[in-house]
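Sequential numbering from 913 applies to the sequence shown in the working numbering. Cβ coordinates follow ideal geometry from the N, Cα and C atoms, glycine included.
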Amino acid sequence: MFPTLCFVDVSSGHLDDTSKGVLESSLSDEEFSLISEDNSFFNLKFKIVEFFEDIKISLANK
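Given below as structure tokens:
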């Protein structure tokens, strides 16, 4: 029912064509693009940095 998705680490996580086809047919285009190999970036944020940026903006507007 589900393709094999158990990986030891991200660097060795490659699906064979059969599993990839099953996964692609069961997800929408948007969902599949989120987890595909082509979309391999991430956005690292820190809440404390956002907090100080918000304070800086609010002080600049006064």
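CB contact flag (F1020, L956, <8 Å): The requested residue 1020 is not part of the displayed model; the chain covers only 913 to 974.
task: Would you kindly report the start and end of the unbroken alpha helix (DSSP H) that includes K974?
output: Per DSSP, K974 belongs to no alpha helix (DSSP H) and is neither H nor E.
Exercise. By DSSP, does S948 sit in helix, in strand, or in coil?
Worked result: Secondary structure of S948 (DSSP, three-state): coil.
Notebook entry, point to check: Alpha carbon to alpha carbon, how far is D928 from F958?
Noted result: Roughly 36 Å separates the two Cα atoms.
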